[in-house]
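Working notes, beginning with the structure itself.
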Amino acid sequence: MANFYNDNPAFKLHLNHPLMEKIVKLKERNFADADKYDYAPQNFEDAMDSYDRVLDIVGDLCGNIIAENAEDVDHQGPRVENSRVVYADGTKKNLDACRKAGLMGMSMPRRLGGLNFPITPYIMAADMVSRADAGFENLWGLQDCAETIYEFGSEEQLQKYIPRVCAGETMSMDLTEPDAGSDLQSVMLKATQKEDGSWVLNGVKRFITNGDSDIHLVLARSEEGTKDGRGLSMFIYDKRNGGVDVRRIENKMGIKGSPTCELVYKDAPAELVGSTRLGLIKYVMALMNGARLGIAAQSVGISEAAYREALQYAKERKQFGKEIINFPAVAEILSTMKAKLDASRTLLYACSRFVDIYKIYDDIAKERKLEVDEKKEAKYYSRLADAFTPLAKGMTSEFCNQNAYDAIQIHGGSGFMKDYACERIYRDARITSIYEGTTQLQVVAAIRHVTTGTYLNWIKEQQTMQVAAEDEAVKATLDFMTQQYAAAVEKVVGEKNDELLDFMARRLVEMAGYTVMGYLLLADAQRDEESRRSLHVFVKIGEAEVAKHVSFIENFMPDQLSDYLYK
Amino acid sequence: MSLNIIVLAKQVPDTRNVGKDAMKEDGTINRAALPAIFNPEDLNALEQALKLKDMYPGTKVTLLTMGPGRAAEIIREGLYRGADDGIVLSDRAFAGADTLATSYALSMACRKIGKYDLIIGGRQAIDGDTAQVGPQIAEKLGLPQVTYAEDIISVEDGKALIKRRIESGVETVKAPLPLVVTVNGSADECRPRNARNVQKYKYAASPSEIGADEEKTAFIETRPYLAIGEWNTQTVEADLSQCGLAGSPTKVKGIENVVFTAKDARRVENNDEELESLVKELIANHTIG
Numbered sequence: 247m248a249n250f251y252n253d254n255p256a257f258k259l260h261l262n263h264p265l266m267e268k269i270v271k272l273k274e275r276n277f278a279d280a281d282k283y284d285y286a287p288q289n290f291e292d293a294m295d296s297y298d299r300v301l302d303i304v305g306d307l308c309g310n311i312i313a314e315n316a317e318d319v320d321h322q323g324p325r326v327e328n329s330r331v332v333y334a335d336g337t338k339k340n341l342d343a344c345r346k347a348g349l350m351g352m353s354m355p356r357r358l359g360g361l362n363f364p365i366t367p368y369i370m371a372a373d374m375v376s377r378a379d380a381g382f383e384n385l386w387g388l389q390d391c392a393e394t395i396y397e398f399g400s401e402e403q404l405q406k407y408i409p410r411v412c413a414g415e416t417m418s419m420d421l422t423e424p425d426a427g428s429d430l431q432s433v434m435l436k437a438t439q440k441e442d443g444s445w446v447l448n449g450v451k452r453f454i455t456n457g458d459s460d461i462h463l464v465l466a467r468s469e470e471g472t473k474d475g476r477g478l479s480m481f482i483y484d485k486r487n488g489g490v491d492v493r494r495i496e497n498k499m500g501i502k503g504s505p506t507c508e509l510v511y512k513d514a515p516a517e518l519v520g521s522t523r524l525g526l527i528k529y530v531m532a533l534m535n536g537a538r539l540g541i542a543a544q545s546v547g548i549s550e551a552a553y554r555e556a557l558q559y560a561k562e563r564k565q566f567g568k569e570i571i572n573f574p575a576v577a578e579i580l581s582t583m584k585a586k587l588d589a590s591r592t593l594l595y596a597c598s599r600f601v602d603i604y605k606i607y608d609d610i611a612k613e614r615k616l617e618v619d620e621k622k623e624a625k626y627y628s629r630l631a632d633a634f635t636p637l638a639k640g641m642t643s644e645f646c647n648q649n650a651y652d653a654i655q656i657h658g659g660s661g662f663m664k665d666y667a668c669e670r671i672y673r674d675a676r677i678t679s680i681y682e683g684t685t686q687l688q689v690v691a692a693i694r695h696v697t698t699g700t701y702l703n704w705i706k707e708q709q710t711m712q713v714a715a716e717d718e719a720v721k722a723t724l725d726f727m728t729q730q731y732a733a734a735v736e737k738v739v740g741e742k743n744d745e746l747l748d749f750m751a752r753r754l755v756e757m758a759g760y761t762v763m764g765y766l767l768l769a770d771a772q773r774d775e776e777s778r779r780s781l782h783v784f785v786k787i788g789e790a791e792v793a794k795h796v797s798f799i800e801n802f803m804p805d806q807l808s809d810y811l812y813k
Numbered sequence: 200m201s202l203n204i205i206v207l208a209k210q211v212p213d214t215r216n217v218g219k220d221a222m223k224e225d226g227t228i229n230r231a232a233l234p235a236i237f238n239p240e241d242l243n244a245l246e247q248a249l250k251l252k253d254m255y256p257g258t259k260v261t262l263l264t265m266g267p268g269r270a271a272e273i274i275r276e277g278l279y280r281g282a283d284d285g286i287v288l289s290d291r292a293f294a295g296a297d298t299l300a301t302s303y304a305l306s307m308a309c310r311k312i313g314k315y316d317l318i319i320g321g322r323q324a325i326d327g328d329t330a331q332v333g334p335q336i337a338e339k340l341g342l343p344q345v346t347y348a349e350d351i352i353s354v355e356d357g358k359a360l361i362k363r364r365i366e367s368g369v370e371t372v373k374a375p376l377p378l379v380v381t382v383n384g385s386a387d388e389c390r391p392r393n394a395r396n397v398q399k400y401k402y403a404a405s406p407s408e409i410g411a412d413e414e415k416t417a418f419i420e421t422r423p424y425l426a427i428g429e430w431n432t433q434t435v436e437a438d439l440s441q442c443g444l445a446g447s448p449t450k451v452k453g454i455e456n457v458v459f460t461a462k463d464a465r466r467v468e469n470n471d472e473e474l475e476s477l478v479k480e481l482i483a484n485h486t487i488g
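From first to last, the protein sequence lines stand for chains A and B. For the first sequence, the residue numbers in the working numbering are 247 to 813. For the second sequence, the residue numbers in the working numbering are 200 to 488.
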């Protein structure tokens, strides 16, 4: 009878963030659907009540179905039969439950069969699903590919595909190829336009999550003879038409329930999305940003699972005559895990709110011209979303791996055995800092906002925050961390050496990350007593991490770079 | 082909999660300490009805429950999962009913609903565990009944094909409509609440829940699907002498609080001598044999 929503007060804390009122009113266009759809909210309170109730269903499903099936799914895994994927039994049950509960296409508009939820409550659902079974999140969470069809597809494509997603058909994004991983510009899958104007796809894709899905988004080379990203376009392949076979699925370390496929396209009919040549540079970038937020949610969910497993074990396991949680060395691991978890989650939802606002404005802009101040606001949040997405993906996935590691450490030898969930969690966590762009690539995306001051400007806005007397010292520490961060950025940028900047980028982005997360926790603590403990622990960690990076940067001579580089 | 299905549901105290204060000192249930839930096997019954609705579009599923006004919560739970409407049978005159009076009241409500091909209920409720109400309703309405059903496989040519769970295994039977079916806990679990239905029906309410609230009344008037029916003895034209306490031959003489205590464990060595003496002892005290 576990409910992953009700047993976790963090969800209500973030759901009730002050910015939600603006998001909901914009998303609901001042509740224009109220009399058009029998399930549309009448007002802000009504909408919030609906999110709360629907998240309660998600929590119920996660606690009682998806988490219960996780171990079996991990053992059984999917298989390939006659070039088609057969999911593990538990996966089928999970999908069936999610369909019957109407949890597909959550963020899609009602006119296309969706629930018209903002991204933020949708991400909360993803957070819970990932705690229950990180591998299943990949199948369920791929519904956000529908966002890309919604944003860039024709009205005909919207009408044709999105209601199917809302009814429970699954999706995949077919990007990676054997020679195009992080470097998607090298994609070679060939798209050929026939005389009647229709398109066919030929070639091979690899590492495609849920590659036997019903509706695929495919990145392919439509411009013959081109070699870079400008020759790539985005297509929809509908499995009902046939033409794509699953050659094999990978035998992975973790997220075993999620089939990772090698696909062979043989004259597979496909529809062009939007314009040719914008496939990578526009559509995949948008798709990727959504997927990165999804991985951040997955990371937070896994962190939550890891922390809970560790906490429970530490409370029960007795050594030297007492429960091990009573030893400071163990307690420190646990409180550090909790601080990283809470910091990850607050960054995740800050990011999802920024994404919500700018995406809704983008959508409104299709209906009418935005007012001047609306445009300004859209631009402001779009920039923040752009800055916070790689930061969230990078930081939360690294913390998730650290927490999974520590969960096993708390279990001692038992954690190394297959008997405890922490072993699966550890394997599942590992991929989060790799796919949808490695942490190193998140740094590449984030460093721009270090050098142009997006993070620093946002931090400065936070510094005017009124805080409780007991948090004054923490705030002073955060203010000092900010000064150190700004000085480090100035020093590194001042060297005017691109190679040095690339080399130091990770450190600068981490300094920004610890500081940003610290301020977010500080704001949470003003609304919620429960957040205070993590705030204090986290800022202690952040203070030390920032000092470590300062020491490295301050004592580094540019000519020492040659010690590190292979050339 | 579409069907009219009545699902019988009962709101019960959650006896599966019994805490220290679940019983009052006099041995009766402390309802305040136990959350009121949808009787588990009635949820299995609802799933069978919803499955038939999926199979035969146009099928209408009506929930029927007897209880106090707050039993409307059960109807909402059913609407969230896909039922079409629901009726609460509520009247002080129904209070104190045993299985006979309960089945009388419910059978009268079924008559009032009028159109039904199937009446489906759980095998039994977890508060009384009698398993009598379903069969008694069938008797009162003069209908055939299939008990211990695990799967209503199909309904064709006026006959339902049903898999039953019986002591020695499984048997599949065919029975003519209209028909009463009681569903076993081994049947498929009920589907989850549906996100859209929850938003659609969250304000559904019975007249006694709405009370004198003018705002609620006005809102529900514009959305008639939110009105949960509430019937009393007059609505179903019940004979008062067959209702509630008056209509219940079962009289509770007394309630005893039985506390099971484990006795000291005894260790028996694995040799013929000790085992034989143990077996003899168990036969002598009638534990076995």
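Heads up, the beta-carbon is just placed ideally off N, CA and C, and yes, glycines get one too. Since this is a predicted model, take the numbers as computed values, not measurements.
Here B/L305 is not near B/N203, since their CB atoms are 9 Å or more apart.
Taking a Cβ-Cβ threshold of 8 Å, the residues of chain A close to B/R390 are A343, K346 and A347, in chain order. Closer than 8 Å at the C-beta level to chain B, one finds no residue of the region 521–539 of chain A.
Contact between A/A734 and A/M757 holds, since their C-beta atoms are separated by about 6 Å, short of 8 Å. Taking C-beta separations shorter than 6 Å and ignoring five residues to either side along the sequence, the partners of A/G475 in its chain run Q431, L526 and I527, following chain order. Distance from the CA atom of A/K639 to the CA atom of A/H795, rounded to whole angstroms, is 21 Å.
Contact note: A/I610 does not reach chain B at a C-beta cutoff of 8 Å; the least C-beta distance is about 23 Å. Look at A/Y483 here: in three-state DSSP terms it is strand.
For A/L526, there is no enclosing beta strand (DSSP E), since its DSSP letter is neither H nor E. At a cut-off of 9 Å, the C-beta of B/K399 has a neighbouring C-beta in chain A. A straight line joining the alpha-carbon of A/Y812 with that of A/E617 spans about 53 Å.
The Cβ of A/L385 sits no closer than 9 Å to any Cβ of chain B. With a cutoff of 9 Å on beta-carbon distance, A/R299 and B/K401 are scored as near each other. At the C-beta level, A/A466 and A/L435 come within 9 Å of one another. Closest in C-alpha terms to B/P406, from the list B/A296, B/L378, B/V451 and B/A271, comes B/A271. A/E397 is the residue among A/M370, A/P574 and A/E397 whose C-alpha sits nearest the C-alpha of A/Y604.
The beta carbons of A/G414 and A/D674 sit about 24 Å from each other, so the pair does not count as a contact at 8 Å.
Bridge pairing for B/G285: B/L262 [DSSP]. The beta-carbon distance between A/E496 and A/Y666, rounded to whole angstroms, is 25 Å. This is too long to meet the 8 Å contact definition. In this structure, A/N310 keeps its C-beta atom at 9 Å or more from the C-beta atom of A/T337. Uninterrupted alpha helix (DSSP H) stretches at least 4 residues long and entirely within the region 655–697 of chain A occur at 667–675 and 685–697, given in chain order. Residue-level contact check: A/M370 does not touch chain B, since none of the beta carbons of chain B fall below 9 Å from its beta carbon. Only residues of its own chain outside the window of five on either side were considered, and among them P636, K639 and G640 have a CB closer than 7 Å to the CB of A/Q688, listed in chain order.
Distance check between B/T381 and each of B/E414, B/G333 and B/P212 places B/G333 closest, using alpha-carbon atoms only. Counting only runs of 3 or more residues that sit fully inside the region 298–327 of chain B, the beta strand (DSSP E) segments are 317–321, in chain order.
Contact between the region 359–372 of chain A and the region 256–269 of chain A is present: 3 or more CB-CB pairs across the two stretches fall below 8 Å. In this model, B/R363 and B/I351 are separated by some 9 Å (Cα to Cα). A/I787 places its beta carbon 9 Å or farther from that of A/T678.
A straight-line Cα-Cα distance of about 28 Å links A/L747 and A/T422. Of all C-beta pairs linking the region 290–300 of chain B to the region 408–416 of chain B, fewer than three are shorter than 8 Å, placing the two stretches out of contact.
With a contact defined as Cβ atoms closer than 8 Å, A/G457 and A/V411 miss out at about 17 Å. Here the C-alpha atom of A/E267 lies approximately 44 Å from the C-alpha atom of B/G321. For B/E480, the secondary structure class from DSSP, reduced to helix, strand or coil, is helix. Per DSSP, the continuous beta strand (DSSP E) segment holding A/T438 begins and ends at K436 to Q439.
Not a single CB atom of chain A sits nearer than 9 Å to the CB of B/A417.
For A/D320, same chain residues with a beta-carbon under 6 Å away, outside a window of 5 residues either side, are K502 and R670 in chain order.
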